[in-house]
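First up is the structure itself, then whatever we jot down about it.
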Amino acid sequence: MRLWPRSRRAPAAEPSPGDAGVIADALGVAAADVLTVHARETRGVVVILHGDLRAEAARAVPVLVDRFAPYGYTPFVQPNRGGVVVQAYPLAVVDERPRVRLSVTLFVLTVLSTLLAGSLFFVGSPVFDALRSLPFPGWLLSGTPFAVPLLVILGVHEFGHYLTARRYGAAVSLPYFIPAPPPFIFGTLGALIRMRSPVRDRNSLFDIAAAGPLAGFFVALPAFLLGLAWSQPMPASAETLGGFGHSLATRFLVWLRFGDLPDGVSLLTHPVADAAWVGLLVTALNLFPVGQLDGGRIAYALFGRRHYAVGVTTFVLLILLGLLTGAANWFVWAGLLFFFIGFHHTPPLNDVTPLSP
0 MRLWPRSRRA
10 PAAEPSPGDA
20 GVIADALGVA
30 AADVLTVHAR
40 ETRGVVVILH
50 GDLRAEAARA
60 VPVLVDRFAP
70 YGYTPFVQPN
80 RGGVVVQAYP
90 LAVVDERPRV
100 RLSVTLFVLT
110 VLSTLLAGSL
120 FFVGSPVFDA
130 LRSLPFPGWL
140 LSGTPFAVPL
150 LVILGVHEFG
160 HYLTARRYGA
170 AVSLPYFIPA
180 PPPFIFGTLG
190 ALIRMRSPVR
200 DRNSLFDIAA
210 AGPLAGFFVA
220 LPAFLLGLAW
230 SQPMPASAET
240 LGGFGHSLAT
250 RFLVWLRFGD
260 LPDGVSLLTH
270 PVADAAWVGL
280 LVTALNLFPV
290 GQLDGGRIAY
300 ALFGRRHYAV
310 GVTTFVLLIL
320 LGLLTGAANW
330 FVWAGLLFFF
340 IGFHHTPPLN
350 DVTPLSP
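Put into structure tokens, the structure is as follows:
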């Protein structure tokens, strides 16, 4: 499955299966000094070379990429029975202008939708709650203490991916925020970036995938602590974080701040704490080791081809948790993973060199 568009610099016409045989011979000759080819085959327009590398994969793969590029092909090198198999696809690095206008438009819409969500669903900031009495659009500002930290957490997460990808020379889009106006309570479905080229190796795959959750977490955690400092114990009938649910981490952080709350008392959380809770939830869901999620990319970097089994095992465990606890949420996450994410992951160009310590 192609996860990045064809380059505008690629050949105008799609290579035919007949041409692929000729290209297979040409690619074999082009790779001769770094790859000893034992067998060649074609599957449609895909060229497959079986052989042995004559240099370390970290040195050989960049050479193969450069040699195959004039033919409009990109090599993916994987271990195979003591040697390697090079699967060359008619792909090339994308050469397209950044869609800055689309990125900015989606961000502005997400600002509005999260402000609206903060105004309608989240209270606990006396200064900003007073703005709800203003006429439209002034009352939207009451959602600021929820919208701003949430957008910062999501933005830092995506720019963690973006900057790390750029550091490794990968072609990547600007972040695209996804607005979700009411009835979606959080006002957004998160944000994403598009990888416009395959990842170089497992090290870069791991770093790019892990950079987003780590960056977002190191913003969400202080935001949650700050929000707790501004939160107030209230009678349990008040709207509280308990309406979302506590994780072990949030229970521990609440205990550090307030100790054991008496019976009949709960916590009216400040909107900053609510936003941080949402940011932590998004980070946690993204770390499921499945498919193209951040956790799935990390799983591929760690386990290689066994990543598929890791993803399926995760799916089965979610189903079992739903059956054991009777909570429908586990089935919802399992269904989303199965129908919208899947268990497959595109390999890096160099799938031979293992992940470094």
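Heads up: the sequence shown is residues 0 to 356, going by numbering that gives the first Met the number 0. Even glycine gets a Cβ: it sits at the ideal position worked out from N, Cα and C.
Residues of its chain near residue i, where Cβ-Cβ distance is below 8 Å and the 5 sequence neighbours each way are ignored
i, result
"I177", "L105, T109, T187, L188, G189, A190, L191"
"H37", "H49, G50, D51, G82"
"R39", "A23, D24, G27, V46, I47, L48, H49"
"M233", "T239, V264, S265, L266, L267"
"L213", "G159"
"F314", "V289, A333, L336, F337, F342"
"R98", "S172, L173"
Sequence-distant residues of its chain with Cβ nearer than 6 Å to residue i (five each side left out)
i, result
"W229", "H269"
"A59", "V33, L52"
"G241", "Because the pLDDT at G241 is just 48, under 50, the model does not fix this residue reliably, and the value given afterwards should be weighed accordingly. Within the same chain, G241 has close Cβ partners S265."
"A56", "N349, V351, T352"
"F183", "none"
"V281", "G189"
"A283", "none"
"L317", "W329, W332, A333"
"G142", "L114, G117, S118"
"L279", "A219"
"T41", "A19, G20, A23"
"F327", "The amino acid occupying residue 327 in the given sequence is Ala; Phe does not appear at that position. Cβ neighbours of A327 beyond the five flanking positions: none."
Burial state of residue i (16 or more Cβ within 10 Å)
i, result
"S246", "exposed"
"R165", "exposed"
"R100", "exposed"
"S112", "buried"
"D262", "exposed"
"D273", "buried"
"T352", "buried"
"R66", "buried"
"W276", "buried"
"D206", "buried"
"D259", "exposed"
"F339", "exposed"
"S132", "exposed"
"V311", "exposed"
"P69", "exposed"
"A308", "exposed"
"A146", "buried"
"R296", "buried"
"P89", "buried"
"F121", "buried"
According to DSSP, residues forming a beta bridge with residue i
i, result
"Q231", "L267"
"E40", "I47"
"G27", "According to DSSP, which records beta bridges pairwise, G27 is partnered with nothing at all."
"P178", "T187"
"Q86", "I47, F75"
"V171", "M194"
"L52", "L34"
"D200", "N349"
Residue span of the alpha helix (DSSP H) that contains residue i, given as start and end
i, result
"Y72", "Taken as a continuous stretch (DSSP letters only), Y72 belongs to no alpha helix (DSSP H), as it is neither H nor E."
"T345", "Unbroken run through T345: none, as it is neither H nor E."
"F330", "327 to 335"
"A164", "143 to 166"
"A129", "It is not in any alpha helix (DSSP H) - A129 carries neither H nor E in the DSSP assignment."
"S112", "99 to 120"
"F314", "306 to 324"
"R96", "Run containing R96: none; DSSP gives neither H nor E here."
"L252", "247 to 257"
"F302", "293 to 302"
Close-in-space but distant-in-sequence residues of the same chain around residue i (CB under 7 Å, 5 per side omitted)
i, result
"P125", "none"
"P136", "none"
"T163", "D206, I207, A210"
"H160", "I192, I207, A210, G211"
"P181", "L115, A116, L119"
"S355", "N202"
"Q231", "L267"
Terminal residues of the beta strand (DSSP E) in which residue i lies
i, result
"V33", "No beta strand (DSSP E) holds V33; DSSP gives it neither H nor E."
"V60", "Unbroken run through V60 is the alpha helix (DSSP H), 56 to 67; no beta strand (DSSP E)."
Assess, as a yes-or-no matter, whether the region 305 to 322 is touched by the region 268 to 275 under the definition of 3 or more beta carbon pairs within less than 8 Å. no
For the region 215 to 231 and the region 145 to 158, state whether three or more C-beta atom pairs, one from each stretch, are separated by less than 8 Å. yes
Examine the Cβ distances between the region 163 to 177 and the region 193 to 204 and report whether three or more of them are shorter than 8 Å. yes
Does the region 194 to 214 come close enough to the region 290 to 301 that 3 or more CB-CB pairs lie under 8 Å? yes
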